[in-house]
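What follows is one structure encoded as structure tokens, with my remarks underneath.
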Amino acid sequence: MNQPTIPFAQFLAKFPEIELPVVLNDEAHLIFSAENDPLAEAMIAQYILPNEPEEADELTEFVPCFKLPKTEGFDAVVYWRAGLMNYQYVLVTFAKKGELLDRRVIAGTFINGPTITQSVATINEENEIFVASGQSNVQDDTFDPASSTAYELELLPDGLIVNN
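Dropping the structure here:
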């Protein structure tokens, strides 16, 4: 049985436009999930799952976070994907009719055996994204400074997300 098509504008309405700068850390999703209405299953099936490289199981959760301001010719939204030991903030850009332009994980927490990898992203007023990542050990919560990295992403006028 076919699901009815949900208009792209209805999907976008779940993502309130925010004022920048914004910091995406391991607790920011709590604010978004408390303040924003959840995404309908049909919205997730139509606009998120087709663009996900990893399958979502029945325990995977998607939380709409926000829409970036000052994007002409495309729409950019951030959602939080919570899976088993893998929590991600995902930036997705869409053409005005809802077709995917680009997708990038910009922050989150990933647990792999004894190692926790955490990334924090800051998006500034020019839609530049600064990401800092590091790793720690699950058992003794020690941080390894040598594992720390930082990089910058840029949201181009055509909706592509590139390393800067």
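In our numbering, the protein residues as written are -2 to 161.
Every residue, glycine too, gets a C-beta built ideally from N, C-alpha and C.
- Query: Can you give the beta carbon distance from Ile191 to Val128, rounded, assuming they're within the 8 Å contact cut?
  - Reply: There is simply no residue 191 to check, as the chain begins at -2 and stops at 161 in what is shown.
- Message: With a threshold of 6 Å on Cβ separation, who are the neighbours of Val117 within its own chain once the five nearest residues in sequence on each side are excluded?
- Response: Asn22, Ala104, Ala129
- Message: DSSP three-state label for Glu49, please.
- Response: Coil at Glu49, not helix or strand.
- Query: Hey, is the segment 132 to 152 in contact with the segment 35 to 55, meaning 3+ C-beta pairs nearer than 8 Å?
  - Reply: Output reads no: the segment 35 to 55 does not touch the segment 132 to 152.
- Spatial neighbours of Ile158 within its chain, please: CB distance less than 7 Å, with the 5 preceding and 5 following residues excluded, ordered by chain position. So the list reads Leu88, Thr90, Asp99, Arg101, Leu150, Leu152, once near-sequence residues are dropped.
- Item | Proximal residues to Lys67 (C-beta, below 7 Å), its chain only, five neighbours per side dropped | Asn124
- Task: Let me know the secondary structure DSSP gives Phe107 once reduced to three states.
- Result: strand
- Message: Going by DSSP in three states, Met(-2) sits in which element: helix, strand or coil?
- Response: Low confidence applies here, because Met(-2) scores a pLDDT of 47, under 50, leaving its location unreliable and the question unanswered by this model.
- Task: May I ask which residues mark the beginning and end of the beta strand (DSSP E) holding Gln132?
- Result: Per DSSP, Gln132 belongs to the beta strand (DSSP E) from 125 to 134.
- Message: Assuming Ala118 is part of the beta strand (DSSP E), what are its boundary residues?
- Response: For Ala118, the enclosing beta strand (DSSP E) begins and ends at 112 to 120.
- Ala6: first and last residue of the uninterrupted alpha helix (DSSP H) it sits in: Element bounds for Ala6: 5 to 9.
- Would the beta-carbon of His26 fall within 7 Å of that of Val60? yes
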